[in-house]
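If you're matching positions, the sequence shown starts at 17 in the working numbering and goes up one per residue. Working notes, structure below.
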Amino acid sequence: MNLATRISRISVSKTMAVMEAAIKLRDQGIDVVDFGPGEPDFPTPENVKQAGIRAIQADFTKYTAIGGIKELKKAIVDKHAREFGSKYDVSECVVNIGGKHAIFSIFAAVVDEGDDVIIPTPYWVTFADIARFVNSNPVFVPTKESEGFRLTAEVLQRALTPKTRLVVVNSPNNPSGAIVDDAEFGRIARLCRERNVYLLSDECYSHFLYDGRKPFSVASYTDLKSHIVIAGSLSKTYSMTGWRIGYVLALPELINGIVKLQSHSTSNPTSVSQKAALEALSGPQESVGVMLAEYARRRKFVLERLRAIPGVKCAEPGGTFYAYPNISAAFGRGGIRDSVDFSARLLEKAHVAVTPGEAFGTAEHVRISYATSMEQLDKGLKRIHEFMASL
């Protein structure tokens, strides 16, 4: 069967491919330590689950407004304003089916064929494939491991051209955990406005911060609002990955464009999930703090253990629940040429699943998710240490 050309421009998410490979080994009865998943290992908070159950019992199972129910949009803009000092109206918010759908919708509504989309490296795998799907040109801008993979306005400025339409910034960054400093984010946003380029800020991990750092949004620079587009999600913060609720905050013109697109694709966000999301945003927040405290403990443990492995280097992740160690010391040993080889051999020999850096645009790294138990972390890191020693 001949498929449309646009499908040939994209590939299956490499992070999902790792998960599938680990599942196949588990199905054979093999004990696999899986450091691949990009989702919290905590359950959805009980109050949120109960809100979903109440919605079902109340028969809230019909179509809703295309862009989401008004009370949820108000909860989103109000919480964003309280936490970040942003100024959005309900008319400047649309609810989507997860953060990935939000980002896809932004690309579809903003980017034309042949436009350049700037994506700092390392990057979340989906950014590049969405850019290709809409037939734009992903322009990869490397950041330096020696500088903690942090993006600067100076680096970005050198990459801008008259064809640039969109700049994508994901802070904290998946996979590196790098954070764009608040003031630097402002310089980046001002540069985008000066060059009439949209700045897409992916805030999926905005609350996953460590060492006393406070959550920040570039939308706090309210004078730059005309060129800022916010993509948000409840998936990570409230452990709601399967509920699929995300959102976009932007000027009404873009929101209306996304609503138009949504009217012909998804019809509306899932009704029951919207009620659960409303409770997540407006209900008790204690579960978030408990989850973040545990991730901080795991992060410290993972960094200590990785840095104890001869030849392994790891930049300090300021946020997310990932570490992004440099494993290039293994190249040229045991037939390993790159991080793809390393990941395949590690899974085959040590039964540990990690995601190769090639998925994120770098060749010398692997992503390790510490969204798993301390027991699994201890076991998996011990296996990695032994694997490196065996090469």
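Glycine is no exception: its CB is placed at the ideal position from the N, C-alpha and C atoms.
Checklist line | Cα-Cα separation, E87 to V185 | finding: 29 Å
Checklist line | Boundaries (first-last residue) of the beta strand (DSSP E) holding D145 | finding: It is not in any beta strand (DSSP E) - D145 instead sits in the alpha helix (DSSP H) that spans 141-149.
Check: Where does S217 fall in DSSP's three states?
Finding: strand
Check: Is the number of C-beta pairs between the region 372-386 and the region 44-64 that are closer than 8 Å three or more?
Finding: yes
Check: Would N17 be called buried (16 or more neighbouring beta carbons within 10 Å of its own) or exposed?
Finding: Per the sequence shown, the amino acid found at residue 17 is Met instead of Asn. M17 is exposed by the Cβ-count criterion.
Item checked: Complete alpha helix (DSSP H) runs within the region 323-371 (minimum length 4 residues, chain order) -> 355-361
Note to self: Any contact between the region 350-365 and the region 129-138? By contact I mean 3 or more CB pairs, one from each, below 8 Å.
What the structure shows: no
Note to self: Pull the bridge partners of D132 from the DSSP assignment, please.
What the structure shows: N153, T180
Check: With 16 as the cutoff for other CB atoms within 10 Å, does Q173 come out buried or exposed?
Finding: exposed
Next item on the list: Can you say whether T21 is buried or exposed, counting buried as having 16 or more other CB atoms within 10 angstroms of its CB?
Entry: exposed
Note to self: Going by C-alpha to C-alpha distance, which of L308, S107, F149 sits closest to V28?
What the structure shows: F149
Notebook entry, point to check: When you compare each of A147, G262, V196 to F123 by their alpha carbons, which one comes out closest?
Noted result: A147
Next item on the list: Decide if D218 is buried, meaning its Cβ has at least 16 other Cβ atoms within 10 Å, or exposed.
Entry: buried
Check: Considering only the beta carbon of each residue, do N272 and T80 sit closer than 7 Å?
Finding: no
Note to self: Could you tell me which whole beta strand (DSSP E) segments of length 3 or greater appear in the region 213-281?
What the structure shows: 214-218, 244-249, 262-265
Notebook entry, point to check: Can you tell me the Cα-Cα spacing of L207 and M35, whole angstroms?
Noted result: 39 Å
Notebook entry, point to check: Expressed to the nearest angstrom, what Euclidean distance is found between the alpha-carbon atoms of S298 and V304?
Noted result: 13 Å
Item checked: the ligand HEM heavy atom lying under 6 Å from the CB of R42 -> Summarising the ligand content, the structure contains no ligands, and the ligand HEM is consequently not present.
Notebook entry, point to check: With burial defined as no fewer than 16 other Cβ atoms inside 10 Å of the residue's Cβ, what is the status of T426: buried or exposed?
Noted result: Only positions 17 to 407 of the chain appear in the structure, and residue 426 is not among them; the question remains open.
Note to self: Is the separation between the beta-carbon of S192 and that of F156 shorter than 7 Å?
What the structure shows: no
Check: So what's N189 in DSSP terms, helix, strand or just coil?
Finding: coil
Next item on the list: Please classify H280: is it buried, with 16 or more other beta-carbons within 10 angstroms of its beta-carbon, or exposed?
Entry: exposed
Checklist line | Euclidean distance between Cα positions of E269 and D227 | finding: 39 Å
Check: Around the C-beta of A293, are 16 or more other C-beta atoms found within 10 angstroms, so that it is buried, or is it exposed?
Finding: buried
Next item on the list: Sort out for me which residues DSSP pairs V382 with in a bridge.
Entry: P372
Note to self: Just to check my reading of the structure: V234 and F201 have Cβ atoms closer than 8 Å, yes? What is that Cβ distance to the nearest angstrom?
What the structure shows: 5 Å
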